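Chemist:
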Amino acid sequence: MIPSPAARPSATKRWLRALELTAGLDGPEAPTFPDLLDAMALSRGDSPALLSDAETLTYAELAARSNRYGRWALSLGLAPGSTIGLMMPNRPDYLAAWIGIARAGLATALLNTSLVGASLAHCVAVARPEHVVVAASLAERFAGALPHLDAAPRAWVRDDPAFDGVLAALSGEPLGPGERVALRPSHRALLIYTSGTTGLPKAAVVSHRRIVTWSRWFAGLAALGPDDRMYDCLPLFHSVGGVVAPGCVLAAGGSVVIAERFSASRFWTDVARWDCTLFQYIGELCRYLLAAAPAGSAPPPHRLRLGLGNGLRPDVWEDFRDRFAVPEIMEFYAATEGSFSLVNVEGRPGSIGRVPPFLAHRFPAAILRFDVEAGLPSRGADGFCIRAAPDEAGEAVGLIGDAEGAGRFEGYTDRADSDAKVLRDVFAPGDRWFRTGDLMRRDAAGFFFFVDRIGDTFRWCGENVATTEVAEALTGAPGVVEATVYGVAVPHRDGRAGMAALVTGEGFSLAALRLHLASRLPAYARPVFLRLQPAIDSTDTFKHRKAPLVRDGFDPAAVPDPLYVDDRSAGAYVPVDAALHARIADGTFRA
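full-length UniProt numbering numbers the first residue of the sequence shown as 1 and each following residue consecutively.
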């Protein structure tokens, strides 16, 4: 039975349950995720674990298949801690593969299935695997990356009779004493890549301890049980879609529906058809669902009680919850590699979470006053950082604890990348804090609110401009379907001018937009330039790709889409043609 809203545990009870489930995970004898799966295979062997249109695996079948993968990985004779790549579409076999490889004491690099050529080769080179498991449907794409590599790993093609036969011939029984590897919770289990929105993807290290901690932590906070069923349409190569979503439900004995990809047109039909009780979201997914729903329509009857995820914008939160009758939204904030996390268990709209007072000693977090021009937290006369005041935007940081305990920082495969995320001598000599790279504010009640990515925030007219605030104002304007905001350099002007790329629909007008923004944003925050385009390019995790837009700027020779600039003397947005662009460039038109 799924509890009614009134019957669900209080926020305090959920926090306490999460603490109970994660107690003891700092020790060297703590379980790994394969251990959790084996326990479930014994107690709930015939219950469904992973479901999809292609196949369903019970807990016993998932454990058996992972054992086959484990025996195959052991047969390769790799040194403990070596890496095997995995490039496979969303399907139950994906989880069986990395769980099995983990049994062999090896790490799995979860390769982005959308990458091609040199970009894919970069991710392979970072992980340095000698072997890669590739689905037949992606074999040609993987082969296209090989010319860009100094040393090509061996590809084992799933859905090819040769490799399928090798796996099928291996026993699915639990590994025997002579086969089992002495896994420690601190050992590396996965390499998960950053989104690459601000540069080449980096490989974040994820230990066995982190996987189990994430899984049990969210199982407790979301009050999950064996009757829960997760709808997971996010990429399995991502930490949220591939670890948090399946991990928390499997740790509670529930089941996970794995969709091959997100589809706004199929989402509600799938949720109803599979009888799901919760779903995992990220980024703009909920906005896409709102935009795709015809006015006045209702989704099919469903049993969803919870949406769990991160990146839900405040302007979408309540509309989504009420429109689709999802009783609870649990927003969280976490970094794959970091020591800083927040969860909004209380369901306060717009907040990314808080650290309850009784947990502040365990999860020390702070917001530091930030110098946007310097790109660093400000320091006082004593050389230490300055805590931001309530509701003041600053960089969020989390205290880095010891190597085995809470607050550990696992970092990236590249030491220099890891060092760049550590801030030292923050409040005391020698202390170390993890830099989130995000600006946040905290209200008087302790709730955190996301403000902007540090790389996105810019200065214009001597003021800091948060792109998320501007984007939220834009998407509230009539006819604006989607918006992303970024700063562009303007000749003869200090700072960067605001520019917005917009997807528009029925009811949009430039005049109405200008009036709308004037009533909601200060003059310095209103976009100087507009770019109207049919769609905004996003990553696989629904984050807008801003770097190409910044490079394009407002030059009509480089941009095929309509461009406009705010002409303050005319009180209107006017088209940017070659002649006007030249005037902006030489300073005769002051943008």
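Just so you know, even glycine gets a beta-carbon here, dropped at the ideal spot from N, CA and C.
It should be emphasised that the depicted structure is a prediction, and the values quoted were computed from it without experimental measurement.
What whole-angstrom Cβ distance do K543 and D456 have, given they're in contact under 8 Å?
Modeler: At roughly 11 Å, the Cβ-Cβ gap does not stay under 8 Å, so K543 and D456 are not in contact.
Chemist: Assign S239 to one of two classes, buried (16 or more other C-beta atoms within 10 Å of its C-beta) or exposed (fewer than that).
Modeler: With 16 or more Cβ atoms within 10 Å of its Cβ, S239 is classed as buried.
Chemist: What I want to know is whether the C-beta of L530 ends up closer than 7 Å to one or more non-hydrogen atoms of the ligand FMN.
Modeler: In the structure on display, the ligand FMN does not appear, and there are no ligands present to speak of.
Chemist: Using beta carbons (cut-off 8 Å, strictly below), is P153 in contact with chain E?
Modeler: Any reference to chain E falls outside this structure, which holds one protein chain only.
Chemist: Alpha carbon to alpha carbon, how far is G242 from W214? Give it in angstroms, no decimals.
Modeler: Roughly 12 Å separates the two Cα atoms.
Chemist: Using a 10 Å radius around the Cβ and a threshold of 16 neighbouring Cβ atoms, would you call D540 buried or exposed?
Modeler: D540 is buried by the Cβ-count criterion.
Chemist: Just reading off the beta strand (DSSP E) that D452 is part of, what are its end residues?
Modeler: First-last of the beta strand (DSSP E) with D452: 448-453.
Chemist: Assuming W217 and A18 make a contact with CB atoms under 8 Å, what is their CB distance in whole Å?
Modeler: Confirmed, Cβ separation roughly 5 Å.
Chemist: Just to confirm, is the Cβ distance from A365 to F332 under 8 Å?
Modeler: No; because the gap between Cβ atoms is not below 8 Å, this pair is not in contact.
Chemist: Can L530 and A572 be called in contact, C-beta distance under 8 Å?
Modeler: Cβ distance not < 8 Å, so L530 and A572 don't count as in contact.
Chemist: Of the residues A204, Y69, I99, R210, which one's Cα is nearest the Cα of V166?
Modeler: Per the Cα distances, Y69.
Chemist: When the Cα of R321 is compared with those of L304, G487, A335, A334, which residue comes out closest?
Modeler: Nearest of L304, G487, A335, A334 to R321, Cα basis: L304.
Chemist: What residue range does the beta strand (DSSP E) around H581 cover?
Modeler: H581 -> not in any beta strand (DSSP E); alpha helix (DSSP H) instead, spanning 578-586.
Chemist: Check for me: the beta strand (DSSP E) holding A365 runs from which residue to which?
Modeler: That run of the beta strand (DSSP E) goes 365-371.
Chemist: Below 8 Å, how does it come out for the stretch 112-119 and the stretch 128-146: are there three or more Cβ pairs, yes or no?
Modeler: As far as the Cβ criterion goes, the stretch 112-119 touches the stretch 128-146, which means the pair count is three or higher.
Chemist: How should T269 be labelled, buried or exposed, when 16 other C-beta atoms within 10 angstroms of its C-beta is the threshold for buried?
Modeler: With fewer than 16 other Cβ atoms within 10 Å, it is exposed.
Chemist: Could you give the DSSP three-state label for R216: helix, strand or coil?
Modeler: Note: R216 maps to helix in three-state DSSP.
Chemist: Over what stretch of residues does the beta strand (DSSP E) that includes Y69 continue unbroken?
Modeler: From DSSP, Y69 is part of no beta strand (DSSP E) but of the alpha helix (DSSP H) over 59-75.
Chemist: Which residue from H187, H581, L190, P48 puts its Cα closest to that of R229?
Modeler: Answer by Cα proximity: P48.
Chemist: Given residue 599, which residues of its chain have a CB within under 6 Å of its CB, disregarding the five upstream and five downstream residues?
Modeler: One cannot answer for residue 599 here, as it falls past the ends of the chain, which runs 1 to 591.
Chemist: For the alpha helix (DSSP H) containing R287, list its first residue and its last residue.
Modeler: Note, R287: alpha helix (DSSP H), 285-292.
Chemist: Less than 8 Å between C-beta atoms, sequence neighbours within five positions excluded: which residues of the same chain meet that for L342?
Modeler: Taken in chain order, the residues that qualify are F332, Y333, A334, I352, G353, R354, V355, A365, F448.
Chemist: How far does the beta strand (DSSP E) with A497 in it reach, from first residue to last?
Modeler: Note, A497: beta strand (DSSP E), 497-504.
Chemist: For the beta strand (DSSP E) containing L399, name the first residue and the last one.
Modeler: From DSSP, the beta strand (DSSP E) with L399 extends over 394-399.
Chemist: Could you give the C-beta distance for M88 and A135, rounded to a whole number, given that I count them as a contact under 8 Å?
Modeler: Sure, about 4 Å apart at Cβ, within 8 Å.
Chemist: Skipping 5 residues on each side, what residues in its chain have a beta carbon closer than 6 Å to that of A272?
Modeler: Excluding positions up to five away in sequence, the list reads P300, H302.
Chemist: Between residue 592 and A11, which are expected to be in contact by the criterion C-beta below 8 Å, what is the C-beta distance as a whole number of angstroms?
Modeler: Outside the shown range of the chain (1 to 591) lies residue 592, about which nothing can therefore be said.
Chemist: Between which two residues does the beta strand (DSSP E) containing E463 stretch?
Modeler: Per DSSP, E463 belongs to the beta strand (DSSP E) from 463-465.
Chemist: In chain order, what residues of the same chain have a beta carbon less than 7 Å from the beta carbon of D552, not counting five sequence neighbours either side?
Modeler: Within the same chain, D552 has close Cβ partners A558, V559.
Chemist: Along the chain, where does the alpha helix (DSSP H) that runs through G247 open and close?
Modeler: G247 -> alpha helix (DSSP H) spans 245-251.
Chemist: What residues in its chain sit with their C-beta under 6 Å from that of P80, if we drop five residues either side in the sequence?
Modeler: For P80, where only same-chain residues beyond five positions count, the Cβ hits under 6 Å are G105.
Chemist: Quick check: the Cα distance between G375 and I454, rounded to an integer number of angstroms?
Modeler: Those two C-alpha atoms are separated by around 8 Å.
Chemist: Is DSSP giving M1 helix, strand or coil here?
Modeler: Because the pLDDT at M1 is just 45, under 50, the model does not fix this residue reliably, and the value given afterwards should be weighed accordingly. In the structure shown, M1 sits in coil (DSSP, three-state: anything other than H, G, I, E or B).
Chemist: Pick helix, strand or coil for residue 595, following the three-state DSSP scheme.
Modeler: Here the chain comprises residues numbered 1 to 591, so residue 595 is not present and cannot be evaluated.
Chemist: Quick check for students: name the residue ranges of the alpha helix (DSSP H) that lie wholly in the stretch 303-387, counting only runs of 4 or more.
Modeler: Here the runs fully enclosed are 314-323.
Chemist: Which residues does DSSP list as the beta-bridge partners of W156?
Modeler: Per DSSP, V133.
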